[in-house]
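See structure below.
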Amino acid sequence: MVTLRKVTLRLISFLFLLYVVAWLDRVNVGFAGLQINSDLGFSSGAFGFGSGVFFLGEAKSEIFRWIYGFAFCNRAKKSSNNES
1442 MVTLRKVTLR LISFLFLLYV VAWLDRVNVG FAGLQINSDL GFSSGAFGFG SGVFFLGEAK
1502 SEIFRWIYGF AFCNRAKKSS NNES
């Protein structure tokens, strides 16, 4: 029970840190949008669409990175277990 509590505390702390970093990333894009809209003459809708496409692409690449990462790790574990 103590081990589960320690793991939960560390995991929740790390996940909270990741959440804050992701939130800051979105806020920075919003602040950049204020300057980009006036400099390049974008409407707020065009900037919103562009940033949405960017974040969807980023999420898609993260999903594929996790899938291939797990597949590679499992393959590496299987090959190392067969050699021993």
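Heads up, the final residue of the sequence shown is numbered 1525 in our numbering, and it's a clean run with no missing numbers.
Even for Gly, the Cβ is constructed at its ideal location relative to N, Cα and C.
Can you check whether the CB of S1492 is closer than 8 Å to the CB of V1462? Going by C-beta atoms, V1462 is not nearer than 8 Å to S1492.
Would you identify the three-state DSSP class for F1540, choosing helix, strand or coil? Because the chain in this structure spans residues 1442 to 1525, residue 1540 falls outside the shown range and cannot be described.
Can you tell me where the alpha helix (DSSP H) holding G1482 begins and where it ends? Where G1482 is concerned, there is no enclosing alpha helix (DSSP H), given that its DSSP letter is neither H nor E.
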